[in-house]
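Notes follow once the structure below has been shown.
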Amino acid sequence: MATGGLGQLMSIELGHFALILAFAIATVSAVVGLALWRANGRAAAYLQQSAILQFLLVAAAFAAVAQAFATSDFSLALAFNHSHSAQPLLFRITGVWGNHEGSILLWVLILVAMGAAVAAFGRNLPRDLLALVLAIQSLLTAAFAGFALFTSNPFARLAPAPFEGRDLNPILQDIGLALHPPLLYIGYVGFSVCFSFAIAALISGRIDAAWARWVRPWTLLSWTFLTLGIAMGSYWAYYELGWGGWWFWDPVENASFMPWLAGTALLHSALVMEKRNALKIWTVFLAIITFSLSLLGTFLVRSGILTSVHTFASDPTCGLVILAILAIVIGGAFLLFALRAGSLRAGGLFAPVSREGALILNNLLLATATAAVLVGTLYPLLLDALTGRSISVGAPFFELTFGSIMAPLLVILPFGPFLAWKRGDLVAVAQRLALAAGLALFATILVFALRGVGISLVPVGLLLGFWVAFGALADLADRAKLLRVDLATSFRRLFGLPRTAWATAIAHFGLGVAVLGIVATSAWEVELVTTMKPGDIGRISGYSVLFDGIAHSEGPNFTSDAGRFTIIAPNGETRIALPERRIYAASGMPTTEAAIETYGFSQVYLQLGEPGADGGTVVRVWHKPFITLIWLGALLMAFAGLLSLSYRRLRVGAPQPARHSTAAAE
Amino acid sequence: MKRLALALGVVLALAAPSLAVNPDEVLGDAALEARARAISADLRCLVCQNQSIDDSDADLARDLRIIVRERLVAGDSDTQVKQYLVDRYGEFVLLNPVMGPHTVLLWLAAPVMLAIGIIAVWMAARRRRRAEPVAEMPPTAAELEALRDLEDSGR
Numbered sequence: 259m260a261t262g263g264l265g266q267l268m269s270i271e272l273g274h275f276a277l278i279l280a281f282a283i284a285t286v287s288a289v290v291g292l293a294l295w296r297a298n299g300r301a302a303a304y305l306q307q308s309a310i311l312q313f314l315l316v317a318a319a320f321a322a323v324a325q326a327f328a329t330s331d332f333s334l335a336l337a338f339n340h341s342h343s344a345q346p347l348l349f350r351i352t353g354v355w356g357n358h359e360g361s362i363l364l365w366v367l368i369l370v371a372m373g374a375a376v377a378a379f380g381r382n383l384p385r386d387l388l389a390l391v392l393a394i395q396s397l398l399t400a401a402f403a404g405f406a407l408f409t410s411n412p413f414a415r416l417a418p419a420p421f422e423g424r425d426l427n428p429i430l431q432d433i434g435l436a437l438h439p440p441l442l443y444i445g446y447v448g449f450s451v452c453f454s455f456a457i458a459a460l461i462s463g464r465i466d467a468a469w470a471r472w473v474r475p476w477t478l479l480s481w482t483f484l485t486l487g488i489a490m491g492s493y494w495a496y497y498e499l500g501w502g503g504w505w506f507w508d509p510v511e512n513a514s515f516m517p518w519l520a521g522t523a524l525l526h527s528a529l530v531m532e533k534r535n536a537l538k539i540w541t542v543f544l545a546i547i548t549f550s551l552s553l554l555g556t557f558l559v560r561s562g563i564l565t566s567v568h569t570f571a572s573d574p575t576c577g578l579v580i581l582a583i584l585a586i587v588i589g590g591a592f593l594l595f596a597l598r599a600g601s602l603r604a605g606g607l608f609a610p611v612s613r614e615g616a617l618i619l620n621n622l623l624l625a626t627a628t629a630a631v632l633v634g635t636l637y638p639l640l641l642d643a644l645t646g647r648s649i650s651v652g653a654p655f656f657e658l659t660f661g662s663i664m665a666p667l668l669v670i671l672p673f674g675p676f677l678a679w680k681r682g683d684l685v686a687v688a689q690r691l692a693l694a695a696g697l698a699l700f701a702t703i704l705v706f707a708l709r710g711v712g713i714s715l716v717p718v719g720l721l722l723g724f725w726v727a728f729g730a731l732a733d734l735a736d737r738a739k740l741l742r743v744d745l746a747t748s749f750r751r752l753f754g755l756p757r758t759a760w761a762t763a764i765a766h767f768g769l770g771v772a773v774l775g776i777v778a779t780s781a782w783e784v785e786l787v788t789t790m791k792p793g794d795i796g797r798i799s800g801y802s803v804l805f806d807g808i809a810h811s812e813g814p815n816f817t818s819d820a821g822r823f824t825i826i827a828p829n830g831e832t833r834i835a836l837p838e839r840r841i842y843a844a845s846g847m848p849t850t851e852a853a854i855e856t857y858g859f860s861q862v863y864l865q866l867g868e869p870g871a872d873g874g875t876v877v878r879v880w881h882k883p884f885i886t887l888i889w890l891g892a893l894l895m896a897f898a899g900l901l902s903l904s905y906r907r908l909r910v911g912a913p914q915p916a917r918h919s920t921a922a923a924e
Numbered sequence: 625m626k627r628l629a630l631a632l633g634v635v636l637a638l639a640a641p642s643l644a645v646n647p648d649e650v651l652g653d654a655a656l657e658a659r660a661r662a663i664s665a666d667l668r669c670l671v672c673q674n675q676s677i678d679d680s681d682a683d684l685a686r687d688l689r690i691i692v693r694e695r696l697v698a699g700d701s702d703t704q705v706k707q708y709l710v711d712r713y714g715e716f717v718l719l720n721p722v723m724g725p726h727t728v729l730l731w732l733a734a735p736v737m738l739a740i741g742i743i744a745v746w747m748a749a750r751r752r753r754r755a756e757p758v759a760e761m762p763p764t765a766a767e768l769e770a771l772r773d774l775e776d777s778g779r
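Residue numbers (my numbering), protein chains in the order written: chain A, 259 to 924; chain Z, 625 to 779.
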């Protein structure tokens, strides 16, 4: 460590310098790019190099901070405040973004990585469009790198360096922190590329189907990662926060959900634009909205307006500066939109009953759902600010409003992929979907026959879930001409389908699966709250839970009381479950670690409560039927996104090579 | 065994999942307890971060849960129980905001936006149709089939 000391001192300051340099280069690039984008490709070549350089510099800055965390160099104030030398290496490194300054640095790192990716993969783009896109990315980089440098600098030092750090929030000492924020941020920040393309289209006044093809991979990439990030966050909350909920309609969750909803709408409207050259203005609008909601999410979480596990204590100036950036970026974008949208000409015509019509309906409902979540999230803040009246807008409100917007969307969803572009035949589509509808009804009735009938919204939810899932399968079956031609031909057709057809079906199927999981677990979850002494048995949904006792143990930076339980499943299978109560040494903070056992798609969730007065321990056990379908559905959706992204003809983007590959493939 | 039977709390359809109810709080009357759980899921734990009192293990949440059960045992209706808490803690305690002059925008925002969207789409479609009507001849079933094949072959 003696020689390492000087080396680290150097690298932290070098990292700081690299971030300053990145900020300067980004500022110059933004100005040069916006001034000279028409200038015959020279600007584009410069901006490409600049984008890659910005990435390398921010990566160096990030690496410097990460190294200080990894080696427990507490001369870095950030490491002192959010790390501890006894933490395992993984949590020392993930601790880099387990705080305000570090997470902003990660945000900037992903932003410049996206810019560099555009520069590297953008060779097919017209030079002036590429220059504009990179200039706008640079502008965003300048804004956020500046924000990091001037109001939340991660490089502040302490002298003399303390011997030990203050520890990372124990709830964050989890593999979830390694995955959730990076996935979510790739999603959030990826939409900045769509935003930059939209602004570039508005400035240059040129937008066509090719534009939609160029934007498509970025939308898909961002949407896929946002899907994964939200699902991961949901599962993390489910197992870590210890009350077994997986979605709370918390403002911070809503902040990530709104860009997802808007991004889903964007994905679909860009499809119309790509195939039919219609919905251009709306698509540009959605691209701006989606990234604006990502920024709003960053603002809500980082400003300290909201209190939650996500908001690390930060001073109010940070919030004001983010609000200013937000106002300039969003306000500027919409001003440009208002001024220039008229210059974008409308494209192809279509009848109301058509694929386009269905996708417009999709967009209408998704946009309304986004608006409902936005209003519900901001309303209490605004009402309090304007009138001083405090109200709460919680889960019951969102379930009602969001649910009643989603229900019609799920009803119409299976029709969409069946309808022809331009003019569809609803009767013919209904005939083709009759079997799927019949199966969905049959499955719902079957479930209710097995589970017992009650009067509630549950059968409606189940019917919708089955309908969407079977509708997606029916789409594949229909495209393969199943039962209409011989089986071998059907299979050949099925595997010869373009990946986009598969992706559509898989994503829609995944949505149906997630809906089924949500409905089933909400409807049939069973809970057992009891005080147990060693030797006691609790019974829940056919499972017997035998309490063996509590064992004390020492972790690397915590002490743990682990309850030992034997779970006997209805089929006689026995498993050991070890839920824990932990006390983290550095902070003295208690946490509970639930034990979760998965049986098929269902889970038994065990949580160890406080010791009772009479020597017993409070134990909470849940049986959560089909709960894993929720995340499985999300994984299917993300997989579909990657599948579509891997489709070469669309990834290449430019229309000319596409024709060659078609010719080669046929 | 008696304690076990007493402690058996069952969450009914669509109630929020929960953690914090302790065995000693649970009411003997299962129907009353079910009502208490449903009411609790709609009440905010005032000192927590967006948690219902049913989910929270804070002391205040525990006190509120006990109040809810006391009122139910005393014979209050669900509405009366909620009103009792609103009188003491203000509207902030309700996770599902009441409809009133100050929340009318909140409740009407989504339906109004949907209506505006539908009208805008309808007007845009009408304007376009008038400008350039789509060919009147609908495609035949065979043509639609051919189109779908063409789409699958990747065009």
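Where is the CB? At the ideal position from N, CA and C, for every residue including glycine. This structure is a prediction, so every number in the text was calculated from the model and none was measured.
task = Kindly indicate if chain Z contains any beta-carbon less than 8 Å away from that of glycine 800(A).
result = Taking the first sequence and counting its residues from 1, one reaches residue 800(A) at position 542. No, glycine 800(A) lies away from the interface with chain Z (no Cβ there is under 8 Å from its Cβ).
key: Boundaries of the alpha helix (DSSP H) in which tyrosine 496(A) is found, first to last residue   = Here the question's residue 496(A) lines up with position 238 in the first sequence. That run of the alpha helix (DSSP H) goes 467-498.
request  = With DSSP collapsed to three states, give me the class of histidine 274(A).
outcome  = Against the first sequence, residue 274(A) aligns to sequence position 16. In this structure, histidine 274(A) counts as helix in the three-state DSSP scheme.
ask   = Nearest chain A C-beta to alanine 637(Z) closer than 8 Å, yes or no?
value = Indexing the second sequence from 1 puts residue 637(Z) at position 13. In this predicted model, alanine 637(Z) has a pLDDT of only 26, less than 50, meaning its place in the structure is not dependable; the value taken from the coordinates is given anyway. For alanine 637(Z), the answer is yes, since a Cβ of chain A falls inside 8 Å of its Cβ.
message = Since isoleucine 826(A) and alanine 835(A) should fall inside the 8 Å C-beta cutoff, what is the C-beta to C-beta distance between them, to a whole number of angstroms?
response = Numbered from 1 along the first sequence, position 568 holds the residue referred to as residue 826(A). Numbered from 1 along the first sequence, position 577 holds the residue referred to as residue 835(A). Not a contact, Cβ separation roughly 11 Å.
request  = Determine, using beta carbons only, whether isoleucine 826(A) comes closer than 8 Å to chain Z.
outcome  = Taking the first sequence and counting its residues from 1, one reaches residue 826(A) at position 568. Isoleucine 826(A) does not count as touching chain Z.
inquiry  = To the nearest angstrom, how far is the alpha carbon of isoleucine 580(A) from that of alanine 692(A)?
reply    = Sequence index remark: in the first sequence, residue 580(A) carries index 322 (1-based). Sequence index remark: in the first sequence, residue 692(A) carries index 434 (1-based). Near 52 Å, if we compare the C-alpha coordinates of alanine 692(A) and isoleucine 580(A).
ask   = Just curious, the beta strand (DSSP E) that alanine 871(A) is in, first and last residue?
value = As a first step, residue 871(A) must be located in the first sequence, where it is residue number 613. First-last for alanine 871(A): undefined, no H or E at that position.
query = What is the DSSP secondary structure of tryptophan 880(A), reduced to helix, strand or coil?
reply = In the first sequence, residue 880(A) corresponds to position 622, counting from 1. It is a strand residue.
message = Taking the straight line between their C-alpha atoms, what separation do you get for leucine 619(A) and arginine 878(A)?
response = For this step, residue 619(A) is matched to residue 361 along the first sequence. For this step, residue 878(A) is matched to residue 620 along the first sequence. Cα-Cα distance, rounded: 44 Å.
inquiry  = To the nearest angstrom, how far is the alpha carbon of leucine 730(Z) from that of arginine 296(A)?
reply    = The residue labelled residue 730(Z) in the question sits at position 106 within the second sequence. The residue labelled residue 296(A) in the question sits at position 38 within the first sequence. So the two alpha carbons sit approximately 46 Å from each other.
ask   = Within the 8 Å Cβ cut-off, does leucine 887(A) reach chain Z?
value = Locating residue 887(A) in the first sequence gives position 629, where the first residue counts as 1. No, leucine 887(A) lies away from the interface with chain Z (no Cβ there is under 8 Å from its Cβ).
ask   = Does methionine 737(Z) get closer than 8 Å to chain A when you measure Cβ to Cβ?
value = For the purposes of this step, residue 737(Z) is identified with residue 113 of the second sequence, where counting begins at 1. By this cut-off, methionine 737(Z) is an interface position.
task = With methionine 987(A) as the anchor, note down where its beta strand (DSSP E) starts and where it stops.
result = Nothing can be reported for residue 987(A): it is not among the residues displayed for chain A, which extend from 259 to 924.
request  = Mind the definition here: the segment 582-599 of chain A touches the segment 412-421 of chain A only if three or more C-beta pairs lie below 8 Å; say whether that holds.
outcome  = no
ask   = Would you say alanine 734(Z) reaches chain A, if we count a Cβ-Cβ gap shorter than 8 Å as a contact?
value = Here residue 734(Z) corresponds to residue number 110 of the second sequence, with the count starting at 1. Answer yes: the Cβ-Cβ gap between alanine 734(Z) and chain A drops below 8 Å somewhere.
request  = Please report the residue range of the beta strand (DSSP E) in which histidine 810(A) lies.
outcome  = Taking the first sequence and counting its residues from 1, one reaches residue 810(A) at position 552. Residues 801-812.
key: C-alpha distance - leucine 643(Z) paired with isoleucine 310(A), whole-angstrom precision   = Looking up residue 643(Z) in the second sequence gives position 19. Looking up residue 310(A) in the first sequence gives position 52. Because leucine 643(Z) carries a pLDDT of 46, less than 50, the predicted location of this residue cannot be relied on, and the following value inherits that uncertainty. If I take the Cα positions, the gap works out to 49 Å.
query = Can you give the Cα-Cα distance for glycine 487(A) and serine 480(A), rounded to whole angstroms?
reply = As a first step, residue 487(A) is located in the first sequence; it is residue number 229 there, counting from the start. As a first step, residue 480(A) is located in the first sequence; it is residue number 222 there, counting from the start. Looking at the two C-alpha atoms, the distance is approximately 10 Å.
Within chain Z, the residues that proline 869(A) reaches when beta carbons sit closer than 9 Å = The sequence position of residue 869(A) within the first sequence is 611, counting from 1. Going along chain Z, no residue has its Cβ under 9 Å from proline 869(A), so there is no contact; the nearest lies around 12 Å.
message = Between which residues of its own chain and isoleucine 814(A) is the CB-CB distance below 8 Å, once the five residues before and five after are set aside?
response = As a working note, residue 814(A) is residue 556 in the first sequence. Looking at the sequence provided, one finds proline at residue 814(A) rather than isoleucine. Counting only Cβ-Cβ distances below 8 Å, and skipping sequence neighbours, we find Ala344, Gln345, Pro346.
task = Pull up the CB-CB distance for valine 687(A) and leucine 677(A), whole angstroms please, since I reckon it's below 8 Å.
result = Numbered from its first residue, the first sequence carries residue 687(A) at position 429. Numbered from its first residue, the first sequence carries residue 677(A) at position 419. So it is a contact: roughly 6 Å between Cβ atoms.
key: Local Cβ density within 10 Å of glycine 674(A), reported as buried at 16 or more and exposed below that   = For this step, residue 674(A) is matched to residue 416 along the first sequence. Counting Cβ neighbours within 10 Å, glycine 674(A) comes out buried, since at least 16 surround it.
query = Going straight from the alpha carbon of asparagine 790(Z) to that of phenylalanine 656(A), what length do you get?
reply = The requested residue 790(Z) does not occur in the structure, where chain Z is confined to residues 625 to 779.
query = Since alanine 378(A) is in the beta strand (DSSP E), which residue starts that stretch and which ends it?
reply = Taking the first residue of the first sequence as 1, we reach residue 378(A) at position 120. That residue, alanine 378(A), is in no beta strand (DSSP E); its alpha helix (DSSP H) goes 358-379.
key: Selection from Asp666(Z), Arg668(Z), Leu696(Z) that minimises the alpha carbon distance to glutamate 649(Z)   = As a first step, residue 649(Z) must be located in the second sequence, where it is residue number 25. Looking at the Cα atoms, Leu696(Z) is the closest of the given residues.
inquiry  = At the 8 Å Cβ level, is proline 517(A) part of the contact set with chain Z, yes or no?
reply    = As a working mapping, residue 517(A) is identified with position 259 in the first sequence. Taking Cβ atoms only, chain Z never reaches closer than 8 Å to proline 517(A), which makes this a no.
task = Sort out for me which residues DSSP pairs alanine 853(A) with in a bridge.
result = Counting from 1 along the first sequence, the entry for residue 853(A) is found at position 595. Leu864(A).
message = Tell me which residue opens and which closes the alpha helix (DSSP H) that tyrosine 713(Z) is part of.
response = As a first step, residue 713(Z) is located in the second sequence; it is residue number 89 there, counting from the start. Tyrosine 713(Z) -> alpha helix (DSSP H) spans 702-713.
query = What residue range is occupied by the uninterrupted beta strand (DSSP E) comprising threonine 824(A)?
reply = What you label residue 824(A) is simply residue 566 of the first sequence in a count that begins at 1. Per DSSP, threonine 824(A) belongs to the beta strand (DSSP E) from 816-826.
request  = Starting from isoleucine 795(A), trace the alpha helix (DSSP H) both ways and give me its first and last residue.
outcome  = Along the first sequence, read from residue 1 onward, the residue named residue 795(A) stands at position 537. Here isoleucine 795(A) belongs to no alpha helix (DSSP H); instead the beta strand (DSSP E) covers 795-798.
request  = Give the secondary structure of leucine 667(A) by DSSP, where H, G and I count as helix, E and B as strand, and everything else as coil.
outcome  = As a position in the first sequence, residue 667(A) is number 409, starting the count at 1. Three-state result, leucine 667(A): helix.
query = Measuring CA to CA, which of Leu294(A), Gly291(A), Ser308(A), Ala293(A) is closest to leucine 279(A)?
reply = Here residue 279(A) refers to the residue found at position 21 of the first sequence. Among Leu294(A), Gly291(A), Ser308(A), Ala293(A), the Cα nearest to that of leucine 279(A) is on Ser308(A).
query = Is DSSP giving leucine 554(A) helix, strand or coil here?
reply = Here residue 554(A) refers to the residue found at position 296 when the first sequence is read from its first residue. The answer is helix: DSSP assigns leucine 554(A) an H, G or I state.
ask   = Over what stretch of residues does the beta strand (DSSP E) that includes alanine 835(A) continue unbroken?
value = As a first step, residue 835(A) must be located in the first sequence, where it is residue number 577. Segment 832-835, the beta strand (DSSP E) holding alanine 835(A).
message = I want to see whether chain Z comes within less than 8 Å of proline 848(A), judged by CB atoms only; does it?
response = Counted from its first residue, the first sequence places residue 848(A) at position 590. Answer no: the Cβ-Cβ gap between proline 848(A) and chain Z never drops below 8 Å.
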